[in-house]
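To start, the structure under review is shown below, and the notes come after it.
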Amino acid sequence: VVVDGRLCAAAIGSLVTEFSGVAGIGELYGLSRSLTLPVAAAALLIVVATASYRRVERIAIVIGLFELAFFAVAWAAHPNLETLAKDAVDLPLYNRDFRFLAAAVIGAVFNPWMIFYQQAAIADKKLRPDDLKAARWDTVVGAVLTQCLIGAVLIAAAATLASSGVWVNLGSIGEISNALTPLLGEVWDAWFSA
Amino acid sequence: MAFRSFSGGRTSESEEVQGDVAPDFAATGTGQLAQRNDKAWSRFSTSASPLVHYMLSVMREMVSLFFATTLAVAGDSGSIGSIEIAAHLPAPLESRTQTGKSLGACRAPSGGPGVIKPGTVSPTTSSRTTTCWAAAGERDIVEERKATKHCVKARPRIKIIAPLQWISVWGPGLLVMLADTDAGNVVTAAQAGAQWRYRLLPLLIVLMPMLYMVQELTVRLGIYTGRGHGELIRERFGVGWAWLSTAGFARQRSARWLPNSPE
Chain A
-5 VVVDGRLCAA AIGSLVTEFS GVAGIGELYG LSRSLTLPVA AAALLIVVAT ASYRRVERIA
55 IVIGLFELAF FAVAWAAHPN LETLAKDAVD LPLYNRDFRF LAAAVIGAVF NPWMIFYQQA
115 AIADKKLRPD DLKAARWDTV VGAVLTQCLI GAVLIAAAAT LASSGVWVNL GSIGEISNAL
175 TPLLGEVWDA WFSA
Chain B
22 MAFRSFSGGR TSESEEVQGD VAPDFAATGT GQLAQRNDKA WSRFSTSASP LVHYMLSVMR
82 EMVSLFFATT LAVAGDSGSI GSIEIAAHLP APLESRTQTG KSLGACRAPS GGPGVIKPGT
142 VSPTTSSRTT TCWAAAGERD IVEERKATKH CVKARPRIKI IAPLQWISVW GPGLLVMLAD
202 TDAGNVVTAA QAGAQWRYRL LPLLIVLMPM LYMVQELTVR LGIYTGRGHG ELIRERFGVG
262 WAWLSTAGFA RQRSARWLPN SPE
C-alpha cells in the first residue's frame, strides 16, 4: 500500500466527515463534542497502533451487523404492503425532483473509497486465485445486504414520515432519529442510532 | 478500454484453451455443455459494443456462479469437490522448488494473457488448474488462471477444508458494503422514503447487480495483481489520473444539497 500526500489529504477529508457523524450521534445522547471526539480519535489511534488488519475486520463486521436493527425498525413501522406494491410500479419519471432524488440515491450508493478499500483489503489478505469464488460471494452477499438495509431505512421513513402527513426536512442522522422517535418509540430510537 | 482486458481476448484464445482442456471436459461431462454455450456466447458478444459486452459477461458470470455453487452445495460434481480432488493429485516438481515465493513476487504478466506460452507450463499443472474451474463452467476463470499460472505454481498448495477456506476469505466485501450504509446513504434513503414513499425502492434493487459489478472488479484486480487500486492507476495511467481518482474521496458525503433540505 502506497502512502503519499494525496492519499493523506483524501483520508483527512473522509475523517472529518466521519467525525462529524460521531459528534452528531454524541449530541443525540446529550454528550458534548469535546468529550466524544477525543474518545473517538483515541480509539482510532489504538486500533491503528495495536490491531492487525484481520482483527480490525472482524471487530468492524460485528459492529456493522448492529445495522441489522434497520430491519427491526422497518418491521416496527408496519409498512402497508398494498401501498408498497402500488408505489413500486408507479414511477413519476417525468418529475424533475424525482429524477434528482433518484440520482442522489445512486450517488450515495457508489463511493470511490469502496473500490480502493476493497482492493487494498484483498491485497492485504493476500488472497489467491483459488479464493476468487469465495471473495465473489462475499461481494454478492454484501451488495444484497447493504441494499436491503438501505431499503429498510427507506421503508421505515416511508411508512412513518410520509403517511403521517407531516412534512419533515431531513438533513442528518439526528433529524431522522428525532422525526422517527414519536412514531416508533424510545426503544427504536436507541436501536436506530446504534 | 480497461475493461476489455478482463473479458476481451476470449475469442482469440479460445482455440488454445479448447485444445488444453478438452480431455478434462470429456471427463467431467458437464463441461461439454459449457463449451458449446461458450462458443455461441462469443459469437454473440463480439458483435456487441465493449460496454454491453462487459455488462452481459458480468451478468452471465453471476448466473453461472450461482448455478455452480448450487451444484457444489447439493453435493454434485461441483467446483468445490473438484478442487479437493485436485488437491490430492501429486504436485509437479517445479511447484515444490518454488514454494518460497510470495504473492508479491509474482505479478500479472506484463504483456497480458497473449504472451503466456503453453509450453512454459507443465501438462500436469495445466490439467490440474483447468479441471477444477472447468467443472464450474466458468471459462473466464480458466483464462485468468492461464494468465497467472506462474503465480499459482509458485505458491504452496495448502490443503484446506473448503468451508474453512471460505470463511477465512470472507470479510472485505461484507465490510465495505456495511460501511456503505453511511450517514449520507441513510439520510438520502430516508429523504427518498419521506418524499416519494416507496417509489424509489425498485431503484435500490436495480442497484444491487451494479454494486456487485463495480466491487467485483476490485476483487479480481486485488487477487491477480496483489496491489492497491491507486497504485495500479498511477502505474497504468500516470500521476494525473491517480490524483483525479482520489479526489472523489474528499467530496462531502452528506445529503445537505438535496432538494427541499434546509440549507
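Chain order of the listed sequences is A and B. For the first sequence, the numbering used here assigns the number 188 to the last residue and increments by one with no breaks. For the second sequence, the numbering used here assigns the number 284 to the last residue and increments by one with no breaks. From the three backbone atoms N, C-alpha and C, an ideal C-beta is built for every residue, glycine too.
query, result
"Nearest chain A C-beta to arginine 241 of chain B closer than 9 Å, yes or no?", "yes"
"In three-state terms, what does DSSP make of arginine 48 of chain A?", "helix"
"Go ahead and pull the three-state DSSP assignment for arginine 122 of chain A.", "coil"
"So with CB distances below 8 Å, who are the chain B contacts of glutamate 51 of chain A?", "Gly192, Pro193 and Leu196"
"Chain B partners of valine 138 of chain A, CB-CB under 7 Å?", "Met229"
"Could you tell me whether the Cβ of arginine 257 of chain B comes closer than 9 Å to any Cβ of chain A?", "no"
"Beta-carbon of tryptophan 262 of chain B versus every beta-carbon of chain A: anything under 9 Å?", "no"
"Using a Cβ-Cβ distance cut-off of 9 Å, determine whether glutamate 12 of chain A contacts chain B.", "yes"
"Beta-carbon separation of threonine 202 of chain B and phenylalanine 64 of chain A under 9 Å?", "yes"
"I'd like to know if phenylalanine 92 of chain A contacts chain B, where contact means its C-beta is closer than 9 Å to some C-beta of that chain.", "yes"
"Using a 10 Å radius around the Cβ and a threshold of 16 neighbouring Cβ atoms, would you call leucine 76 of chain A buried or exposed?", "Rather than leucine, the amino acid found at residue 76 of chain A in this sequence is glutamate. Exposed, by the Cβ-count rule."
"Between the beta-carbon of alanine 152 of chain A and the beta-carbon of proline 73 of chain A, is there less than 9 Å?", "yes"
"So the alpha helix (DSSP H) histidine 250 of chain B belongs to, where does it begin and stop?", "250 to 258"
"Could you give the residue range of the alpha helix (DSSP H) that holds leucine 238 of chain B?", "222 to 246"
"For the region 110 to 130 of chain A against the region 235 to 253 of chain B, are there 3 or more C-beta pairs whose distance is under 8 Å?", "yes"
"With arginine 90 of chain A as the anchor, note down where its alpha helix (DSSP H) starts and where it stops.", "90 to 103"
"When you compare the CB of arginine 176 of chain B with every CB in chain A, is at least one pair closer than 9 Å?", "Because the pLDDT at arginine 176 of chain B is just 47, under 50, the model does not fix this residue reliably, and the value given afterwards should be weighed accordingly. Chain A contact via Cβ: present."
"Looking only at C-alpha atoms, which of A/Leu78, A/Val138 and A/Asp124 sits nearest to valine 103 of chain A?", "A/Val138"
"So which residues of chain B does arginine 27 of chain A contact, with C-beta pairs closer than 8 Å?", "Ordered by position in chain B, no residue passes the 8 Å Cβ test against arginine 27 of chain A, which lies about 16 Å from the chain."
"When we look at the beta-carbon of leucine 9 of chain A and count the other beta-carbons within 10 Å, is it buried (16 or more) or exposed?", "exposed"
"Note down, in chain order, each residue of its chain lying with its Cβ closer than 6 Å to the Cβ of alanine 150 of chain A, except the 5 sequence neighbours on either side.", "Val67, Ala68 and Ala71"
"Enumerate in chain order the residues of its own chain whose CB-to-CB distance from tyrosine 47 of chain A is below 8 Å, with the five nearest sequence positions on each side excluded.", "Ala115, Asp118 and Lys119"
"Looking at the secondary structure, which residues open and close the alpha helix (DSSP H) in which threonine 77 of chain A lies?", "75 to 82"
"Since phenylalanine 104 of chain A meets chain B, which of its residues come closer than 9 Å, beta carbon to beta carbon?", "Asp201, Leu228, Met231, Leu232 and Val235"
"Return the first residue and the last residue of the alpha helix (DSSP H) that glycine 194 of chain B is part of.", "193 to 201"
"Answer with yes or no whether the minimum CB distance from leucine 61 of chain A to chain B is below 9 Å.", "Inspection of the sequence shows that residue 61 of chain A is occupied by glutamate rather than by leucine. It does; some Cβ of chain B falls within 9 Å."
"In the DSSP assignment, find the alpha helix (DSSP H) that holds phenylalanine 65 of chain A and state where it starts and stops.", "63 to 70"
"Output needed for leucine 31 of chain A: all residues of its chain with C-beta closer than 7 Å, excluding positions within five of it in sequence on either side, in chain order.", "Phe13, Val16 and Ala17"
"Using 10 angstroms around the beta-carbon of alanine 35 of chain A, count the other beta-carbons present and answer buried if the total reaches 16, otherwise exposed.", "exposed"
"Buried or exposed, going by whether 16 or more other CB atoms sit within 10 Å of the CB of glutamate 61 of chain A?", "buried"
"Would you say phenylalanine 64 of chain A lies against chain B (beta-carbon separation less than 9 Å)?", "yes"
"Restricting to Cα atoms, I'd like to know which of A/Ile170, A/Leu78, A/Tyr111 and A/Pro86 is closest to valine 197 of chain B.", "A/Tyr111"
"Provide the residue span of the alpha helix (DSSP H) that contains alanine 210 of chain B, from first to last.", "204 to 217"
"Quick one: what does DSSP say leucine 87 of chain A is sitting in, helix, strand or coil?", "coil"
"Answer yes or no: does any C-beta atom of chain B fall closer than 9 Å to that of leucine 31 of chain A?", "no"
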